[in-house]
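Below is one structure; the comments refer to it alone.
Protein chains in written order, with full-length UniProt numbering: chain A, 1 to 329; chain B, 1 to 329.
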């Protein structure tokens, strides 16, 4: 197993990406890690560490987080992310991990690694937090803004296989993000998707409302990229300010500070619940090889977890299974 | 001014609806309130109270909250909501308030009171909570599931006029709910709406992301009913469980209970921030007369506030101004 890691993408790149790669290389000696980025910088963070399964592949350009994705991928032929994607396309690596520009990674996946045959639109599939910490795979959360019902059907199939293979969930429950739980609710797209999902080879449990998401009403939530993005950001945009106000409330007087000290462990637990980072990276499903988008703020632990995730996906033949299921339609 | 009030709609109907009407009738002797519902029940809650400007209009049917809207409005000709809407259509009342079935109220508005000339789709426009308590009018949040860019343009115009007239905000800022702040972000619909809004006679401030909504980035947020519903319910579905978990964390031991006692005022304040009920009812904009949807859990205070809101809208000639602006296009 060979995994190409974009060493230059993410808020803490290359330092924590390199550190995470070192930890992963130590943990899994059978996995070859290719750190793609500026050789001198990556080397500096390796701090003389030499592991037989950790290699540097030089790439001198970097795609920044605010760059226009398509332009960046087309122009920066020597960007770490682009070089890493080429390693996968040319058969020199089996999977690609990056904490860099999400749009650029989707573009590199599409243009360089390529769409799986039979898949119309690949999907970005992060785990959403749930109150019971189980989490829920949601797709698509931003790869495809104008989804058709047929795309949602493919998301359901790919998401179900992912949950089975990577998370070991047998017969994962698939829900459709909608404005009500009754079958005929929604817009034209969601109504048509509902009908397709009912006839699909997945365990479809019906419509799911945005207000119930934290209670984990399903294991795989399908939605168009626009609505999915609104859902995810509304959740972040509510939890964040609420926790901030709460912190403020705890600092108002010495008495509330005392209360804050007492409540510290409970509050930390609550904050962790809402932190979707600890669920690992988001796979980009529907490409010819495995591509995992790690959170922009990934630290060493997140990188190591993403390697673990990629290893499981490869061991369980995730991509091959999806390809077989899709081509069988 | 005559306001028809659906006495039988809402979780606390008719008791708290009647009580709210009594308080409103006392406060504003110049406003005639028509309580529409089962005469004997309404009378019982009037408890012998007799006010010259408070009248009962008998209607013996009730539309329940889980009934299919169109069917219910068509079949139950004698439902309190339907009779109240007829009072408005026939010129016996100037506005309609209801805390009942939202879909049925929209249907009654469309079928009985009628769409304003030039308006393609009326919009449900509740206030969303914001951290600074100012609130933000959002439309459409559920009246129209398959919105076109032109509908969003009309929402922007109607919402701006509402904020100016009813809330006294000069030149209210209009934002477009989208997946990113850059102009070319989004799906086909939002991109086309962006262009229309840029050329519109409103103070358009650009795209607004779901994660920023609580910070009040604008005074009027326009969106299609599907995305708007996802936004609203994701906010509710995050704040609710978080506050619940927090309450749980405070009850774990005598020490955390002590902390809870200390924090009580701060927590109550936080909960109130997220409670969009205190912003009054949601107008249904784009109809021939004023229709206000009060929250299902409305108490007497909420009903009284909705009467206040309706009075301001009528005093400032909200409907006439919208009609003029729309017909002028």
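Glycine included, C-beta positions come from ideal geometry on N, C-alpha and C.
Open item on the list: So that I know if they touch, is there some Cβ in chain C lying closer than 8 Å to that of residue 188 of chain B?
Closed with: The structure shown contains no chain C; its protein chains are A and B.
Task: Counterpart residues of residue 282 of chain B in DSSP-defined beta bridges - done: Translated into the one-based positions of the second chain, residue 282 of chain B becomes position 282. According to DSSP, residue 282 of chain B bridges with B:293.
Open item on the list: With the cut-off set at 8 Å, would you say residue 228 of chain A and residue 142 of chain A are in Cβ contact?
Closed with: The residue you call residue 228 of chain A lines up with position 228 of the first chain. The residue you call residue 142 of chain A lines up with position 142 of the first chain. Cβ distance < 8 Å, so residue 228 of chain A and residue 142 of chain A count as in contact.
- [ ] Could you tell me which of A:98, A:53, A:133, A:312 sits nearest to residue 284 of chain A, measuring between CA atoms?
- [x] By 1-based counting over the first chain, the position of residue 284 of chain A is 284. Of the listed residues, the one whose Cα sits closest to residue 284 of chain A is A:98.
TODO: Could you list which residues in chain B have their beta carbon closer than 9 Å to that of residue 37 of chain A, in chain order?
DONE: As a working mapping, residue 37 of chain A is identified with position 37 in the first chain. Within chain B, no C-beta atom comes nearer than 9 Å to that of residue 37 of chain A; the closest sits roughly 27 Å away.
TODO: With DSSP as the reference, please indicate the residues paired to residue 208 of chain B in a beta bridge.
DONE: By 1-based counting over the second chain, the position of residue 208 of chain B is 208. Bridge partners of residue 208 of chain B: B:177.
Open item on the list: Suppose contacts are defined by Cβ-Cβ distances below 8 Å. Is residue 105 of chain B in contact with residue 127 of chain B by that definition?
Closed with: The count along the second chain starts at 1 and reaches residue 105 of chain B at position 105. The count along the second chain starts at 1 and reaches residue 127 of chain B at position 127. No.
Open item on the list: Taking 8 Å as the cut-off, does the region 14-28 of chain A touch the region 295-307 of chain A (at least 3 CB pairs, one atom from each stretch)?
Closed with: By the Cβ test, the region 295-307 of chain A is in contact with the region 14-28 of chain A, since at least three Cβ pairs between them sit closer than 8 Å.
Task: Residue environment, residue 201 of chain A, which counts as buried when at least 16 other CB atoms sit within 10 Å - done: As a first step, residue 201 of chain A is located in the first chain; it is residue number 201 there, counting from the start. Answer is exposed; the Cβ neighbour count stays below 16.
Task: Completely contained alpha helix (DSSP H) runs for the region 39-79 of chain B, where each covers 4 or more residues - done: If we require 4 residues or more, the alpha helix (DSSP H) runs fully inside the region 39-79 of chain B come out as 39-46, 69-75.
Open item on the list: Less than 8 Å between the C-beta atoms of residue 92 of chain B and residue 69 of chain B, yes or no?
Closed with: Along the second chain, one-based indexing puts residue 92 of chain B at 92. Along the second chain, one-based indexing puts residue 69 of chain B at 69. In this structure, residue 69 of chain B does not lie closer than 8 Å to residue 92 of chain B by Cβ.
TODO: Answer with buried or exposed for residue 125 of chain B, where buried requires no fewer than 16 other C-beta atoms within 10 angstroms of its C-beta.
DONE: Sequence index remark: in the second chain, residue 125 of chain B carries index 125 (1-based). When all chains shown are included, residue 125 of chain B counts as buried.
TODO: State buried or exposed for residue 122 of chain B, treating a residue as buried only when at least 16 other CB atoms are found within 10 Å of its CB.
DONE: Counting from 1 along the second chain, the entry for residue 122 of chain B is found at position 122. Buried.
- [ ] Could you tell me whether the Cβ atoms of residue 169 of chain A and residue 219 of chain A are closer together than 8 Å?
- [x] Position 169 of the first chain holds residue 169 of chain A. Position 219 of the first chain holds residue 219 of chain A. Less than 8 Å separates the beta-carbon of residue 169 of chain A from that of residue 219 of chain A.
Task: Own chain partners of residue 247 of chain B with C-beta closer than 7 Å, once the 5 adjacent residues on each side are dropped - done: Start at 1 with the first residue of the second chain, and residue 247 of chain B comes out as number 247. Around residue 247 of chain B: no qualifying Cβ.
Task: CA-to-CA distance, residue 58 of chain B to residue 150 of chain B, given in whole angstroms - done: Start at 1 with the first residue of the second chain, and residue 150 of chain B comes out as number 150. Start at 1 with the first residue of the second chain, and residue 58 of chain B comes out as number 58. A direct Cα-to-Cα measurement between residue 150 of chain B and residue 58 of chain B gives close to 41 Å.
TODO: Give the straight-line distance between the Cα atoms of residue 313 of chain A and residue 165 of chain A, rounded to the nearest whole angstrom.
DONE: Translated into positions along the first chain, residue 313 of chain A becomes position 313. Translated into positions along the first chain, residue 165 of chain A becomes position 165. One C-alpha to the other measures close to 7 Å.
- [ ] Note down, one range per segment and in chain order, each alpha helix (DSSP H) of at least 4 residues found wholly within the region 73-116 of chain A.
- [x] Contiguous alpha helix (DSSP H) elements confined to the region 73-116 of chain A occur at 80-89, 102-108, taking only those with 4 or more residues.
- [ ] Decide if residue 140 of chain A is buried, meaning its Cβ has at least 16 other Cβ atoms within 10 Å, or exposed.
- [x] As a first step, residue 140 of chain A must be located in the first chain, where it is residue number 140. Answer is buried; the Cβ neighbour count reaches 16.
Task: C-alpha distance - residue 15 of chain A paired with residue 237 of chain A, whole-angstrom precision - done: Within the first chain, numbered from 1, the residue matching residue 15 of chain A stands at position 15. Within the first chain, numbered from 1, the residue matching residue 237 of chain A stands at position 237. Rounded to whole angstroms, the gap between the alpha carbons of residue 15 of chain A and residue 237 of chain A is 29 Å.
Task: Three CB pairs or more closer than 8 Å across the region 166-186 of chain A and the region 252-261 of chain A - done: At 8 Å Cβ cutoff, the stretches do not touch.
- [ ] Compile a chain-ordered list of the residues in the region 14-28 of chain A whose CB is closer than 7 Å to at least one CB of chain B.
- [x] Legend: CB atoms of the region 14-28 of chain A lying less than 7 Å from CB atoms of chain B are not found in any residue.
Task: Within 8 Å, strictly: CB atoms of residue 46 of chain A and residue 25 of chain A - done: The residue you call residue 46 of chain A lines up with position 46 of the first chain. The residue you call residue 25 of chain A lines up with position 25 of the first chain. Remark: C-beta atoms of residue 46 of chain A and residue 25 of chain A do not approach each other more closely than 8 Å.
TODO: Could you tell me which of A:280, A:289, A:293, A:197 sits nearest to residue 301 of chain A, measuring between CA atoms?
DONE: Position 301 of the first chain, counted from the start, is the residue given in the question as residue 301 of chain A. The shortest Cα separation from residue 301 of chain A among A:280, A:289, A:293, A:197 belongs to A:280.
Task: Cβ-Cβ distance between residue 290 of chain B and residue 95 of chain B below 8 Å - done: Within the second chain, residue 290 of chain B is the residue found at index 290, counting from 1. Within the second chain, residue 95 of chain B is the residue found at index 95, counting from 1. By the CB criterion at 8 Å, residue 290 of chain B and residue 95 of chain B fall inside the cutoff.
Open item on the list: For residue 38 of chain B and residue 144 of chain A, what's the separation of their Cα atoms in angstroms?
Closed with: Within the second chain, numbered from 1, the residue matching residue 38 of chain B stands at position 38. Within the first chain, numbered from 1, the residue matching residue 144 of chain A stands at position 144. In a straight line, the C-alpha of residue 38 of chain B is about 52 Å away from that of residue 144 of chain A.
- [ ] Given a cut-off of 8 Å, decide if residue 177 of chain A and residue 210 of chain A are closer than it, judged by their beta-carbon atoms.
- [x] Here residue 210 of chain A corresponds to residue number 210 of the first chain, with the count starting at 1. Here residue 177 of chain A corresponds to residue number 177 of the first chain, with the count starting at 1. The Cβ atoms of residue 210 of chain A and residue 177 of chain A lie closer than 8 Å to each other.
Open item on the list: Beta-carbon within less than 7 Å of residue 296 of chain A's beta-carbon, same chain only, minus the 5 sequence neighbours each way: which residues are those?
Closed with: To locate residue 296 of chain A, count along the first chain from 1; it is residue 296. Cβ neighbours of residue 296 of chain A beyond the five flanking positions: 10, 11, 65, 99.
TODO: Identify every run of the alpha helix (DSSP H) within the region 8-39 of chain B, keeping only runs that are complete inside it and at least 4 residues long; order them along the chain.
DONE: DSSP runs (the alpha helix (DSSP H)) wholly in the region 8-39 of chain B: 15-27.
Task: beta strand (DSSP E) segment containing residue 221 of chain A, residue limits - done: Residue mapping note: residue 221 of chain A aligns to position 221 of the first chain, counting from 1. Per DSSP, residue 221 of chain A belongs to the beta strand (DSSP E) from 220-222.
- [ ] Note down the Cα distance separating residue 264 of chain A from residue 36 of chain B, rounded to an integer number of angstroms.
- [x] Along the first chain, one-based indexing puts residue 264 of chain A at 264. Along the second chain, one-based indexing puts residue 36 of chain B at 36. For residue 264 of chain A and residue 36 of chain B, the distance between alpha carbons rounds to 52 Å.
Open item on the list: I'd like to know if residue 320 of chain B contacts chain A, where contact means its C-beta is closer than 8 Å to some C-beta of that chain.
Closed with: Here residue 320 of chain B refers to the residue found at position 320 of the second chain. No, residue 320 of chain B lies away from the interface with chain A (no Cβ there is under 8 Å from its Cβ).
TODO: For residue 67 of chain B, decide whether its Cβ has a neighbour in chain A, counting only Cβ atoms nearer than 8 Å.
DONE: Taking the second chain and counting its residues from 1, one reaches residue 67 of chain B at position 67. So no, residue 67 of chain B is outside the interface.
TODO: Rank B:43, B:107, B:49, B:88 by C-alpha distance to the C-alpha of residue 73 of chain B and give the top, closest one.
DONE: Translated into positions along the second chain, residue 73 of chain B becomes position 73. Of the listed residues, the one whose Cα sits closest to residue 73 of chain B is B:107.
TODO: Rank A:282, A:89, A:233 by C-alpha distance to the C-alpha of residue 298 of chain A and give the top, closest one.
DONE: Taking the first residue of the first chain as 1, we reach residue 298 of chain A at position 298. Among A:282, A:89, A:233, the Cα nearest to that of residue 298 of chain A belongs to A:282.
Task: Sequence-distant residues of the same chain with beta carbon closer than 6 Å to residue 199 of chain A, five excluded per side - done: Working through the first chain from its first residue, we reach residue 199 of chain A at position 199. Excluding sequence neighbours, residue 199 of chain A sits near nothing in its chain.
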